[in-house]
Every structure is written in structure tokens, then in C-alpha cells.
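To start, the structure itself, in C-alpha cells.
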Amino acid sequence: MICTAGAAAAETPFTPWPRWATEVGFGAHVSQIGARSEGGIDGVVALAYGTGRLQLFGEATLGTAGFDNTATTPALDTSIDGSRTWLGGGVRWLARQLFIERELLVEMALHAQTGIERYTFSDGSKPIRPDVAVGVGVDIRTPKLHQLTTRIEVRIVFTPNDTTAIACRGTCDQRASTTPGLDMGITFAW
Amino acid sequence: MVKLGLLALLLAAAVAHADPTIDRRVGWDFAVGELSDKTLAFGLGLDLDQRVAGEWFVTAAYHWRWTERTLTEMTSAPGSAQAIDLGVRRRLTSSHRFDPLTFFVDGEAGIGAELATDDSGSRTVPEAYAGLRFGYQLTEPHSSTPQRGFDFDFAARAIAIDHGPAGHAIGGMFVMTMAWDD
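In the order they appear, the protein sequences are chains G and C.
Final position of the first sequence in the working numbering is 279; the numbers increase by one with none missing.
Final position of the second sequence in the working numbering is 244; the numbers increase by one with none missing.
Here is the structure:
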């Protein structure tokens, strides 16, 4: 399907990414640490370099993180709150592009990224783990007006399976070597 | 039989190219729903729709799903699933009143297979779906664009998953799709 997405590009040239772009926004993530799900809200800043249909980017996020309560009575509350910092980078590729009235671009971009995330939880634990992600998004861009862009992206994130103390508050899951998660964001670039 | 099949394909291709409207679209979707009474799902998908004849399209999709299966009132088990679906989609009605926007309602149905992994292990199970899509298509008449149109639609879907000995489950999903037209 991704190959098909590339095939149609040969006829009319794509409007390239801007050479440099700054990006801010917010997002949300959900992931798995051990046998428990963890999630939070993130703030996003990024800097991107574009060349043709490829765009390289470096990105940092800072946000909340937390485990839901897994106890069956409020007196045994096991919820844990904290923060999450992510630093990484990746590449974005223009797969589809519609140029409306030669003023507005509506684009589909595929992306892959990798980075390191660090959690700080209220019980004192600070797990650190790398991740790899692939995703897709839609950009609405004004090429004649400072390359203003509104971007919505969703990605699937893979992290190594975690068996540290905090992760094993639930039942540790040793079946897979990686655990998946979902990450999405709405950002504005110029 | 092979000759008949080739002839049918040729006719379908001829019909598709005789029609000035969009023949193929590629896009992605975000889905939220309940796969059963105990499993919530959030999904990301890649979609390919190809017109085969008239108002009929064949569809292929890959979906990745984050799942949360309820264990007790306050606890749940996270998991994930991957699914491949093949289906058909037919335009039921459309309006060109707000040209270049075309508002439409499509009916769709399909079958597929899901590989699910959660606290009870991994399993491959068949699935089937049927639903309605409501959306609009924006077409661009100028030739200076790589794609000719953009579709945005919402689908309300009933999805049936066979969990084997655990029984069948019928759930519902809302799917938001953005697709680019060739």
C-alpha cells in the first residue's frame, strides 16, 4: 500500500517541504510498561529540515505520565503519576499531496522516528527506555504564507519489554520482547 | 473460466477509465470502538480503495489496534492487534450542490483476519464488518497537483470477531478516514 502511495508521484511534481521549519504543539500517548498501561498528555517542540519530499526532524516532548489504579477498592489505590520526557528524531516522507487553487496543500506524510524516553514517577522510580515508531499524518500547509502548517499525526510506538520493579506491580509479561503503544499529536509549524 | 475472469477485469478497467470521477484513493484512518463488550480499541489504519465498476470499489486495509480488555470494574489488561481487511464499498447517494465538494453516503462490508496479543496470549481470528460512511470529497480542477482530490469521511461500523472457544463478539467502531484521490 505504501509502494502504491509512491507510484502516483511521478506525473506532477510535488511542492517540496520548506527548507527549515519550526514546530510546536501537543499530543497524547498510551504505552505499556510491564503488564500495565501508562498514558499522558505531551507538549511538543521540533525543528525540521526539508529536502524535496523528505524531511528530517529532531523533536522533544515533555508531558505527564501515569498508571491507572488497578486496585478494586479505593483504599488500595495503586495509581502512580509522574512525567515523561522524550528526545529523538526521524524522517518524514510526502506520500500524497493535493494542491488546492494553488494556495493550499493537503498532504499525507508517512514517518519513522526513534528516540529515548525518560519517566519520573511519584514513587521515585525513573525508567528510561528507547523506542522506535512508524506513523502517518495529514498536513494542511500554505506554501505562500510562511509555510504555515497544521499537522495531525498518529504513530505506533515499539519499546523494549520492561521488567523493572515499577513495571511488575502488575503481572510481568515476558512473552514479547517489545511492547507497543500509540502516540498522536496536533502541531503547528512555520 | 480464466478467460471470463480476464474479460471481466478488462470490462471493469474499461468502465473505470470511462468514468471521469476518481478511480483510486489512498489514505489512512483513525478508529475508536468496542470490539466486544469487554474490549476497547483505538486503531490506526492504511487504506486503499480501487473503483472496479460504476459506483463499486474494492477496498484493502491494514489496521493496528491498541486494545484494553476489562478484567474487573477497575482493572484492565492492555494488548494490541493487527488486522488485514478486504471489502467492497458502494456509493449509495451523493450531492454536488456545493461543488467542488461532493457529499456522499457509502455502504461498505468486508472480511479479514486479526492477530491479537494480550494477557491471554496471541491468537489469529477471523473478522467481518459492515457499515455506512458519511463524508465529502474535494476535487481540484487544476492540473498542477499530484493528486486530484481529498476525501474526508466518518464510518459507523459493526464488526464481528470470532474468538474461537471464547465465542463470537459483535462490536462497533467509528472510523475517521482521510484519503487522497488519484
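Where is the CB? At the ideal position from N, CA and C, for every residue including glycine.
Being a predicted model, the structure only gives us computed values, none of them experimental.
Collapsing the DSSP output to three states places S156 of chain C in a strand. The C-beta distance from Q144 of chain G to G178 of chain G rounds to 11 Å, too long to meet the 8 Å contact threshold. Residue environment: S205 of chain C is assigned as exposed (fewer than 16 neighbouring CB atoms within 10 Å of its CB, all protein chains considered). Inclusion of V227 of chain G and E196 of chain G in the CB contact set at 8 Å is warranted, their separation being smaller than that value. Residue pairing by DSSP places I84 of chain C in no beta bridge whatsoever.
P105 of chain G sits close to G139 of chain G, with the two beta carbons spaced by under 8 Å.
Apart from sequence neighbours up to five positions away, the residues of its chain that approach A192 of chain C with a beta-carbon distance below 6 Å are A171, A220, ordered along the chain. For the beta strand (DSSP E) assignment, the uninterrupted runs of no fewer than 3 residues enclosed by the region 173-218 of chain C are, from N- to C-terminal side, 183-201. Those residues of the region 205-218 of chain C placed with their C-beta closer than 8 Å to a C-beta in chain G are S205, S206, T207, P208, Q209, R210, G211, F212, ordered along the chain. At a cut-off of 8 Å between C-beta atoms, W118 of chain C does not count as an interface residue with respect to chain G. Closer than 8 Å to the CB of E176 of chain C there is not a single CB belonging to chain G. Contact of S142 of chain C with chain G is assigned, a C-beta pair being separated by under 8 Å. With contact defined as three or more Cβ pairs closer than 8 Å, the region 125-137 of chain C and the region 155-169 of chain C are not in contact. Relative to V88 of chain C, the option among G:L183, G:A149, G:G270 whose CA is nearest is G:L183. Using a CB distance cut-off of 8 Å, M240 of chain C counts as an interface residue toward chain G. Contact between the region 110-118 of chain G and the region 236-252 of chain G is present: 3 or more CB-CB pairs across the two stretches fall below 8 Å.
Sequence-distant Cβ neighbours of A145 of chain C in its own chain, meaning closer than 6 Å and more than five residues away, are H125, G174, E176. The region 101-173 of chain C is shown to contain whole beta strand (DSSP E) runs of 3 or more residues at 101-115, 118-132, 138-157, in chain order.
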